[in-house]
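To convert, take the position in the sequence shown, counting from 1, and add 3; that gives my numbering.
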Amino acid sequence: MTNSILNKCGIIFFGINCLIAIVKAQTVNNFDTSYILTPKAGPEPVINGPNVFGVRPEHPVVYTVPVSGERPITYSATGLPRGVILNAVNGQMSGHIKKKGTYIVKLSARNKYGTARKEFKIIVGEEIALTPPLGWNSYNIFGTKITQAIMIEQSQAMVTSGLINYGWSYMNMDDGWQGYRGGEYNAILPDTTRFTDMKYVCDTIHAMGLKVGTYSTPWVESYGRRIGGSAMNAEGKFIKQEGERSPRNKKVLPYHIGTYKFIENDVKQFAQWGFDYLKYDWNPIEMQETKEMYDELRKSGRDIIYSLSNSTPFNTIKDLSTVSNAWRTGGDIKDSWLSLKSRLFTQDKWATYARPGHWNDPDMMIVGYVGWGKEPRPTLLTKDEQYTHMSAWCLLSVPLLLGCDLTKLDAFTISLLTNDEVLALNQDASGKQATVVSKHGEAGVMAKLLEDGSVAAGLFNLGDSGTQKVVVSWSDLGLQGKYLVRDLWRKKDIGIFENEFAADVNQHGVVLVSLRKIK
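Printed below as a string of structure tokens:
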């Protein structure tokens, strides 16, 4: 079955037989290795991940040096700031740094096949998340049915799959963990039928070399009908108030801000447990609640990445971006071509606000097995659409949060997520977001300048009419002369070109290249 047939069927959805055909075809496609473009990694060590890491003064340093290659691997470093150590066995960096500044560290990773070296910059100051976070979120696979067992199982799979060796590190639980308010801080405590010991969960995930995130809302009640960060009573007791309307925004309860807020209480508990990431979810996102949470997180004693969800209003993003690390640029994504396509050539207006420590977020990844709390199934995206998805998200320098079952990763999905040259576009220290530099009908080019002076470009074919020739012209990029063009998915130089480069691009597909000046 061709991609054209699959996509037309996926768009029309004419009856249950068509839907069944899509799922069956996609199941076969997901285990077909013919679409794997990323070359298999060798046994020698390679240090992956970003070249820069930000931490606030005297906050815990939580970082695992991501290294691919055959184990065992021995890690070492020179130039580490005072107060920081590197575990030689597992590559976990820990400690505290008192003095602000920039520290140049030389990392090494050695196994029996050789030694890899990399210069790594640690910047101690106010900014964290100097490159977009990479990790996992529970929602697109488990919906609101997250549990302690699932968190630990998925974290183990992040390690055993090898994704941790490429910088995938955040393990984030979404809505559904909340139980009631109480404890030392009168904070939100977990639903004990799902989580028996949240501190144990965080400590266990940290011991694996990963980080852990959580979910909350300033509303009285979350989208998943769980307790939120405010209440209509001083005790913070969770009382449903169906049918009433909020005096503030006239919304039907429970989706409103309560009279009494418990932000300080909740953040103290989050920090005590050891969380590293917070998804804060409500609509409309407004400055008052955003800033209140930002201030409490800043006082928490931990570096907790602060992500706003969902549908951040564009007219206030200039101010909101100063007090958040990431913000959703739209609603929830689904594993359909229409949902993905709507996010591809539409992000340019947000580009001005993307910068180290502050990232636009078109939503989570829809590769692998998904399900939103229902029966898990392979994504309905074709292979070409998945390459488009990953290429665009890396070019856009947005958070990469997987929404799939990590215990069901097949060879294709792993190859999609472990191409170090593609991931490097997302983790580039310049923090630039790619923009559309040319567009002809449903075909177009997104490009951006990288820190090393090279240019990354994605040649996209979003049309439904089969393969199409797509051209990237030097004039559209502000370039002149001869450039070496490299295919980043295949990690292979294509040749030297002058003035332009053209490629035949599959329907709903991409050709992802870098351009390096020939001197």
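We treat Cβ as the ideally placed atom computed from N, Cα and C, and that holds for glycine.
Keep in mind that this is a model prediction, so the values were computed, not measured.
Reference residue i; option with closest CA among the options
i    : options                : result
N93  : G104, V65, V108, Q291  : V65
M154 : Q430, P46, M201        : M201
G461 : T67, E454, L518, W340  : L518
T349 : L399, K302, P359, W139 : L399
T196 : L403, G179, D206       : G179
A143 : G376, H443, H62, V401  : Here the sequence assigns Asn to residue 143, which means Ala is not the residue at that position. Nearest C-alpha to N143: G376.
S97  : P63, I260, H443, I107  : P63
S111 : K102, F123, K103, N502 : F123
Y140 : K494, N286, G231, G406 : The sequence shown places Asn at residue 140, rather than the Tyr named in the question. Of the listed residues, the one whose Cα sits closest to N140 is G406.
L403 : G227, R305, N175       : N175
F198 : T150, E187, V162       : T150
W330 : K321, D338, K337       : K321
L452 : H443, A427, E445       : A427
F278 : N318, L420, G216       : G216
T118 : V70, G484, G239        : V70
Y188 : R113, T163, A450, K264 : K264
Y203 : T438, V223, G82, A152  : A152
C397 : V516, L311, G334       : V516
T207 : K121, E156, V68, F415  : E156
6 Å Cβ shell around residue i - same chain, five flanking residues per side excluded
i    : result
E295 : I266
D35  : Low confidence applies to D35: its pLDDT is 42, below 50, so where it sits in the model is not reliable, and the reading given next is rough at best. Hits under 6 Å: none found.
L482 : none
I126 : G57, T105
A132 : I308, N328, G360
N363 : T332, W353, A357, V401
R346 : P365
T134 : P53, Q430
A446 : N464, Q471, V473
Alpha-carbon spacing of residue i relative to residue j, whole angstroms
i    : j    : result
Y169 : S394 : 16 Å
L213 : I50  : 17 Å
T41  : P84  : 36 Å
P48  : G165 : 13 Å
I3   : D455 : It is not possible to answer for residue 3, since the shown part of the chain is limited to 4 through 522.
V326 : M290 : 9 Å
A505 : R493 : 17 Å
Q275 : Q181 : 16 Å
L480 : V458 : 8 Å
V508 : V474 : 10 Å
K495 : E424 : 10 Å
G498 : Y486 : 8 Å
A80  : G128 : 21 Å
S233 : P221 : 6 Å
L491 : S418 : 13 Å
D177 : T147 : 7 Å
S478 : Q389 : 29 Å
T355 : L137 : 22 Å
E130 : Y297 : 13 Å
Anticipated Cβ contact below 8 Å, residue i with residue j, distance rounded
i    : j    : result
D284 : N313 : 6 Å
V373 : D338 : 5 Å
L281 : S225 : Going by Cβ atoms, the distance from L281 to S225 rounds to 13 Å, so no, they are not a contact pair.
K271 : A190 : 7 Å
T438 : D351 : 5 Å
E292 : I260 : 7 Å
T551 : I288 : Coverage of the chain is limited to positions 4 through 522, which leaves residue 551 absent and any answer about it impossible.
G185 : Y116 : Rounded, the Cβ-Cβ distance is 53 Å, inconsistent with contact.
Beta-carbon contacts of residue i that lie in its chain and below 8 Å, excluding the five residues immediately before and after
i    : result
S476 : S441, N502, E503
K101 : P60, E61, R85, G86
H392 : L343, M368, I369, V370, L384
I76  : P48, V70, G94, A112, R113, N114
S303 : V270, K271, F273, A274
Residues of its chain near residue i, where Cβ-Cβ distance is below 7 Å and the 5 sequence neighbours each way are ignored
i    : result
Y183 : L192, I230, F241
M161 : W139, I167, W171, M174, L213, L409
T319 : M290
Quiz item: Taking three-plus beta-carbon pairs below 8 Å as touching, is the stretch 339-347 in contact with the stretch 427-435?
Solution: no
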